[in-house]
Amino acid sequence: MTPANQPKALTLSVEKIGAENALSLFNCGQRPVDHWARKSALKLHKKGRHKVYLASAEGYESPIGFYSLSMAHRKAAKLLRQEDRDGWHMGAPFVFLDWLGVHKDHQNKGVGRILLADAINRTMIVNDIVPVYGLALSSLNKETTNYYEKLGFRMAPGESADANPLMILPIFTIVELF
Ligand SMILES: CC(C)(COP(=O)(O)OP(=O)(O)OC[C@H]1O[C@@H](n2cnc3c(N)ncnc32)[C@H](O)[C@@H]1OP(=O)(O)O)[C@@H](O)C(=O)NCCC(=O)NCCS
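Just so you know, we're using this note's numbering here: the sequence shown kicks off at 236 and counts up by one.
Here you go:
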């Protein structure tokens with residue numbers, strides 16, 4: 236039995252954004268993320284430029300988190316291992332995590348990890364249809380770089396922690412995780 240003074244665990248579901256702009260008041264505390272969520276997420280999802288996924292929690296009307304995916308291509312020099320740079324000498328396709336945000340009131344409860352696990356799962360599905368090098372993102376700041384590193388992402392060659400580094404979770408790591 237859960238002790239009365241212990242916070243109740245969130246029951247989460249992750250689904251594609253619907254017809255309404257459910258992110259119109261989204262607030263994770265990072266201006267560029269909030270601005271994109273409020274103003275562009277639904278528009279670009281409808282245009283087919285990004286796929287936006289929302290985390291909803293039982294008992295909360297508005298989404299408590301979101302992420303968005305698109306495809307991207309990066310040159311061979313950015314790949315992690317020499318054998319990859321040789322094998323993908325024209326560069327490689329990635330599933331790209333463009334944005335990730337958890338509402339301020341729900342940070343540090345594992346929601347970000349759940350959203351990332353969902354994005355990783357979708358990367359596996361894409362890779363089952365067409366090969367991709369992995370899941371990539373551009374990290375917002377040093378704290379997020381640490382956060383992603385703890386979850387298995389690695390900084391691409393030549394990237395600096397000071398300048399929104401390209402970070403990669405390669406498909407060979409994802410396959411091992413599964
Ligand atoms: C970064 C973010 C997505 C993490 O999601 P979360 O649900 O709060 O984090 P989780 O509960 O999954 O993980 C908790 C860990 O994240 C760390 N963390 C919490 N907030 C963080 C933040 N703003 N930046 C970096 N790391 C953060 C915690 O220190 C904790 O680390 P620990 O496991 O070593 O104790 C979320 O804090 C957020 O939306 N931040 C603002 C927007 C942002 O920075 N987006 C990322 C753009 S690249």
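For every residue, glycine included, the Cβ atom is placed at its ideal position computed from N, Cα and C.
Q.
Looking at ligand 1, does it come within less than 7 Å of residue 348, judged from the CB to the closest heavy atom?
A. If you number the sequence shown from 1, residue 348 lands on position 113. Under cutoff, so the answer is yes.
Q) Going by beta carbon distance, what residues of the same chain come within less than 8 Å of residue 262, once the five residues before and after it are set aside? A) Taking the sequence shown and counting its residues from 1, the one referred to as residue 262 is at position 27. Taken in chain order, the residues that qualify are 269, 338 and 339.
Q: Return yes when the C-beta of residue 385 is under 7 Å from any heavy atom of ligand 1, and no when it is not.
A: Residue mapping note: residue 385 aligns to position 150 of the sequence shown, counting from 1. Yes, the beta carbon of residue 385 sits closer than 7 Å to at least one heavy atom of ligand 1.
Q) Can the beta-carbon of residue 367 be found closer than 8 Å to that of residue 406? A) The residue you call residue 367 lines up with position 132 of the sequence shown. The residue you call residue 406 lines up with position 171 of the sequence shown. A contact, by the Cβ cut-off of 8 Å.
Q | Where residue 394 falls: helix, strand or coil (DSSP) | A | On the sequence shown, position 159 is the one that residue 394 refers to. In the structure shown, residue 394 sits in coil (DSSP, three-state: anything other than H, G, I, E or B).
Q. Where does the unbroken alpha helix (DSSP H) through residue 261 begin, and where does it stop?
A. The count along the sequence shown starts at 1 and reaches residue 261 at position 26. Unbroken run through residue 261: none, as it is neither H nor E.
Q. With burial defined as no fewer than 16 other Cβ atoms inside 10 Å of the residue's Cβ, what is the status of residue 254: buried or exposed?
A. Taking the first residue of the sequence shown as position 1, residue 254 is located at position 19. That one is exposed.
Q. Per DSSP, which one or two residues make a beta bridge with residue 370?
A. For this step, residue 370 is matched to residue 135 along the sequence shown. Residue 370 pairs with 330 and 404.
Q: Would you identify the three-state DSSP class for residue 250, choosing helix, strand or coil?
A: The sequence position of residue 250 within the sequence shown is 15, counting from 1. In this structure, residue 250 counts as strand in the three-state DSSP scheme.
Q | Among 309, 245, 365 and 333, the one whose alpha carbon lies nearest that of residue 351 | A | Against the sequence shown, residue 351 aligns to sequence position 116. Of 309, 245, 365 and 333, the residue nearest in Cα terms is 333.
Q: Could you tell me whether any non-hydrogen atom of ligand 1 is closer than 7 Å to the CB of residue 317?
A: As a position in the sequence shown, residue 317 is number 82, starting the count at 1. Not under cutoff, so the answer is no.
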